[in-house]
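So our numbering is basically just the index in the sequence shown, starting at one, shifted up by 591.
What follows is one structure encoded as structure tokens, with my remarks underneath.
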Amino acid sequence: MINNLLYIILLILGFPSGLYLTKVCREEVKKWKKRFLWISGLCFIIAILVFFTNFQYKIPVIIALLFIIVTLLTIVWKSSIGKK
592 MINNLLYIIL
602 LILGFPSGLY
612 LTKVCREEVK
622 KWKKRFLWIS
632 GLCFIIAILV
642 FFTNFQYKIP
652 VIIALLFIIV
662 TLLTIVWKSS
672 IGKK
């Protein structure tokens with residue numbers, strides 16, 4: 592039960608980390624915007640593939656990939672709002 596709560600907290604922390612990285616790395620975000628979307632899509636595909644495999648650390652790997660997705664999509668979202 593406590594593991595599930597920690598996984599949810601970790602996923603929620605992806606949002607503030609994305610906001611922080613957007614503020615710190617403005618120039619890099621401009622150059623890497625499309626790459627962030629590609630990496631997010633690749634992480635999503637890998638998470639789906641890992642879901643259908645059978646090994647011991649399946650859930651932590653999926654949570655880590657979802658954390659990456661949340662962080663990168665937050666960076667892309669926040670950088671596109673900053674333009675307007």
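Positions of the beta carbon are idealized from the N, C-alpha and C atoms, including for glycine.
Extent of the continuous alpha helix (DSSP H) run through residue i
i: Leu610; result: Gly605 to Val615
Integer Cβ distance of residue i from residue j, believed to fall under 8 Å
i: Gly605; j: Lys669; result: Not confirmed; about 12 Å, so no contact.
i: Leu663; j: Ile630; result: 6 Å
i: Leu602; j: Val661; result: 6 Å
i: Val667; j: Phe635; result: That pair is no contact at about 14 Å.
i: Ile659; j: Val641; result: Rounded, the Cβ-Cβ distance is 13 Å, inconsistent with contact.
Residue i classed as buried or exposed, judged by whether at least 16 other C-beta atoms fall within 10 angstroms
i: Thr644; result: exposed
i: Ile600; result: exposed
i: Phe646; result: exposed
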